[in-house]
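One rule links them: number in the working numbering = place in the sequence shown (from 1) + 155.
Glycine included, each C-beta is placed from N, C-alpha and C at the ideal position.
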Amino acid sequence: MTTSIKATISINKKDLVYSIRKDKNIVQSSIEEGIKLPYSCRSGVCGTCKVKLTKGEISKENSINYVLTEKDRKNNIFLACQSKAITDNIEIDLLSPLPIQSSLYKSMSPKKLIAEVVISRQISSLVKEVGMSISKNSNFLYEAGMNMEFVIPDISPNREYSIIDAPNKSGAPPNGILRFLVACHKNSKASNYIKEQINVGDIITIFGPFGNFSLPAKKNKPILALSAGTGISPILSLLQERVKNKVSKQIMLVSSFRKRNEVLLMDEIEKLSYKEELFSYKITLTREKAKNETRFLYGRIPSIINKIYSNLKEHIILIAGSPQFVEDCSKKVLILGAKQKNIFIDSFNYKS
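Have a look at this one:
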């Protein structure tokens with residue numbers, strides 16, 4: 156008797172049924188089938204991919220379980236990025252909104268690309284900008300808000316970095332170049348390798364695209380985007396895309412950095428402000444009180460956002476940054492009236 160290597164998965168209330176591999180986790184196998192499930196970090200840290208099992212059996216060998224509460228486990232809630240199907244049929248309820256299923260997404264199956272480094276510069280004490288040129292013949296397509304894995308020798312798992320720029324109208328990198336911001340953490344082998352070893356002219360392998368951090372297609376709601384540090388990368392990409400496709404409601408970006416000399420991509424943000432009168436931005440510093448005549452605010456975003464908005468009931472909310480930043484901002488915007496279904500997050504997991 157042969158055992159099937161595939162299972163059928165049904166997403167309840169979404170009229171979505173498709174096949175996944177039993178030897179790969181549900182998120183990864185869904186990506187390979189051209190289906191976007193809710194996910195962010197793919198490492199079991201952020202909890203975005205929590206789903207409820209209503210039929211069938213899945214693997215229980217999750218190595219990372221601390222984002223699941225006892226109540227979650229009793230209610231058959233699990234992390235789709237850490238679990239595999241065991242039975243031939245499984246049914247699940249999504250606990251986060253189903254991302255928009257783009258017609259182009261099946262053309263965006265992750266692939267390995269050989270890239271040449273064309274930008275390698277330290278733009279703050281903590282952050283390096285890296286830009287890579289890829290071949291026109293690679294037929295590489297992506298969406299705003301997505302990320303790529305850097306394949307670094309002897310370092311596993313691969314480290315993901317968000318693409319700064321929105322794609323062109325065809326879904327390809329503008330001018331054939333992918334740009335990234337790399338936060339160089341002392342205890343991170345990957346980021347230190349990128350900081351010390353990667354230079355202009357080097358040939359490296361990147362793998363992707365991944366991620367489903369996106370804006371809903373409807374343009375009839377104002378947008379509030381919140382970012383911390385290199386979380387500005389996916390946020391900027393999404394806002395570039397929205398501005399490119401015409402804006403009908405106010406867009407506000409609030410970006411947080413520790414000090415003025417660590418502010419990232421302010422020139423790119425200002426370009427958006429110049430292009431689109433409905434787009435505005437504020438920058439807040441958490442470890443430096445700027446002079447009164449500058450534009451900078453002071454304090455963490457969760458502590459100051461109520462000074463900018465008293466009611467977020469009608470807003471679409473974008474949040475990108477560390478898991479703690481995402482959690483704190485999510486709690487605060489909910490208190491200010493934001494609806495859970497209108498909150499979209501990209502939670503960075505700073506892996507070694």
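### Task
Can you say whether R197 is buried or exposed, counting buried as having 16 or more other CB atoms within 10 angstroms of its CB?
Mapped onto the sequence shown, residue 197 falls at position 42. Buried, by the Cβ-count rule.
### Message
I need the DSSP call for D357, collapsed to helix, strand or coil.
### Response
Residue 357 sits at position 202 when you count from the first residue of the sequence shown. Reduced to three states, the DSSP call for D357 is coil.
### Query
Using the rule of at least 16 other Cβ atoms within 10 Å of the residue's Cβ for burial, across every protein chain shown, is Q495 buried or exposed?
Here residue 495 is taken as the residue at index 340 of the sequence shown, counted from 1. By the neighbour-count rule (16 or more Cβ atoms within 10 Å), Q495 is not buried but exposed.
### Query
Which class does L489 belong to by DSSP, given the choice of helix, strand or coil?
Residue numbering aside, residue 489 sits at position 334 when the sequence shown is read from its first letter. Looking at L489 - three-state DSSP - the assignment turns out to be helix.
### Task
Please list, in chain order, all residues of the same chain as N302 whose beta carbon is under 8 angstroms from its beta carbon, the five residues on each side excluded.
In the sequence shown, the residue the question calls residue 302 occupies position 147. So the qualifying residues of the chain are E315, Y316, S317, I318, G363, P364, F365, G366 and P389.
#### Entry: Beta-bridge pairing of A299 - partner residues as DSSP gives them
One-based indexing of the sequence shown puts residue 299 at position 144. None; A299 has no bridge partner.
### Task
Apply the 10 Å Cβ neighbour rule to S387 and answer buried if 16 or more other Cβ atoms are within range, or exposed otherwise.
By one-based count along the sequence shown, residue 387 stands at place 232. Here residue 387 turns out to be Ile, not Ser, going by the sequence shown. Buried.
### Query
From S325 to L253, what does the alpha carbon distance come to, in whole angstroms?
What you label residue 325 is simply residue 170 of the sequence shown in a count that begins at 1. What you label residue 253 is simply residue 98 of the sequence shown in a count that begins at 1. Taking the straight line from one Cα to the other gives about 24 angstroms.
### Message
For K280, count the other beta carbons within 10 Å of its own beta carbon; 16 or more makes it buried, fewer makes it exposed. Which is it?
### Response
What you label residue 280 is simply residue 125 of the sequence shown in a count that begins at 1. Correcting the residue type first, residue 280 is Ser in the shown sequence and not Lys. S280 is exposed by the Cβ-count criterion.
### Per-residue burial, E351 [other beta carbons within 10 Å of its own, 16 or more giving buried]
Within the sequence shown, numbered from 1, the residue matching residue 351 stands at position 196. Counting Cβ neighbours within 10 Å, E351 comes out exposed, since fewer than 16 surround it.
### Task
Decide if the stretch 422-442 is in contact with the stretch 451-469; the criterion is three or more beta carbon pairs, one per stretch, under 8 angstroms apart.
yes
### Task
Under 8 angstroms by Cβ, that's how I've got K399 and K374 pegged, so tell me the actual separation to the nearest angstrom.
To locate residue 399, count along the sequence shown from 1; it is residue 244. To locate residue 374, count along the sequence shown from 1; it is residue 219. Between K374 and K399 the Cβ distance is about 12 angstroms, and since that is not below 8 angstroms, they are no contact.
### Message
By DSSP's criteria, V409 is part of a beta bridge. Which residues make up the other side?
### Response
In the sequence shown, counting from the first residue as 1, residue 409 sits at position 254. Answer is L381 and K437, bridged to V409.
#### Entry: Residue range of the alpha helix (DSSP H) that includes E225
The residue given as residue 225 occupies position 70 in the sequence shown. Unbroken alpha helix (DSSP H) run through E225: E225 to K229.
### Query
Whole-angstrom Cβ separation of I474 and L381, contact assumed at under 8 angstroms?
Locating residue 474 in the sequence shown gives position 319, counting from the first residue. Locating residue 381 in the sequence shown gives position 226, counting from the first residue. Yes, they are in contact, since the Cβ atoms of I474 and L381 sit about 5 angstroms apart, within 8 angstroms.
### Query
Cβ atoms of L379 and M407: under 7 angstroms apart, would you say?
What you label residue 407 is simply residue 252 of the sequence shown in a count that begins at 1. What you label residue 379 is simply residue 224 of the sequence shown in a count that begins at 1. Yes; because the gap between Cβ atoms is below 7 angstroms, this pair is in contact.
### Task
Count the other C-beta atoms from every protein chain shown that fall within 10 angstroms of the C-beta of M156, then say buried if there are 16 or more, exposed otherwise.
Here residue 156 refers to the residue found at position 1 when the sequence shown is read from its first residue. Since pLDDT at M156 reaches only 42, below the 50 mark, its modelled position is unreliable, and the value read off the structure follows with that caveat. Counting Cβ neighbours within 10 Å, M156 comes out exposed, since fewer than 16 surround it.
### Message
Rounding to the nearest angstrom, what Cα-Cα distance links I166 and F499 in this structure?
### Response
Taking the sequence shown and counting its residues from 1, one reaches residue 166 at position 11. Taking the sequence shown and counting its residues from 1, one reaches residue 499 at position 344. If I take the Cα positions, the gap works out to 20 angstroms.
### Query
Excluding sequence positions up to five away, which residues of its chain have a Cβ less than 7 angstroms from the Cβ of Y348?
Here residue 348 is taken as the residue at index 193 of the sequence shown, counted from 1. If we look at Y348 and ignore the five residues flanking it on each side, its Cβ neighbours are I307 and I310.
### Task
With distances taken Cα to Cα, identify the nearest neighbour of P265 among P193, A162, Q183 and E431.
For the purposes of this step, residue 265 is taken as residue 110 along the sequence shown, with counting starting at 1. The residue with the shortest Cα to Cα distance from P265 is Q183.
### Message
Check whether the stretch 274-290 and the stretch 470-486 are in contact - that is, three or more C-beta pairs closer than 8 angstroms.
### Response
Contact between the stretch 274-290 and the stretch 470-486 is absent, because fewer than three Cβ pairs lie under 8 angstroms.
### Query
Any heavy atom of the ligand GTP closer than 6 angstroms to the CB of L489?
With respect to the ligand GTP, the structure shown offers nothing to examine, as it has no ligands at all.
### Query
If you follow the beta strand (DSSP E) that I245 is part of, which residue opens it and which one closes it?
Counting from 1 along the sequence shown, the entry for residue 245 is found at position 90. N244 to L249 is the extent of the beta strand (DSSP E) around I245.
### Query
L336 to P322, Cα distance in whole Å?
On the sequence shown, residue 336 is found 181 positions in, with the first residue counted as 1. On the sequence shown, residue 322 is found 167 positions in, with the first residue counted as 1. Distance between the alpha carbons of L336 and P322: 17 angstroms.
### Message
Taking its Cβ as the centre, do 16 or more other Cβ atoms sit within 10 Å of V172, making it buried, or is it exposed?
### Response
Reading the sequence shown from its first residue, position 17 is the one you call residue 172. It is exposed - the Cβ of V172 has fewer than 16 other Cβ atoms within 10 Å.
### Query
Quick check: the stretch 174-189 against the stretch 239-246, are there 3 or more CB pairs under 8 angstroms?
yes
### Message
For S502, report the span of its beta strand (DSSP E) as first-last.
### Response
The sequence position of residue 502 within the sequence shown is 347, counting from 1. I498 to S502 is the extent of the beta strand (DSSP E) around S502.
### Query
In terms of alpha-carbon separation, which member of A338, I247 and P193 lies closest to I164?
Counting from one through the sequence shown, the residue named residue 164 turns up at place 9. With distances taken between Cα atoms, I164 lies closest to I247.
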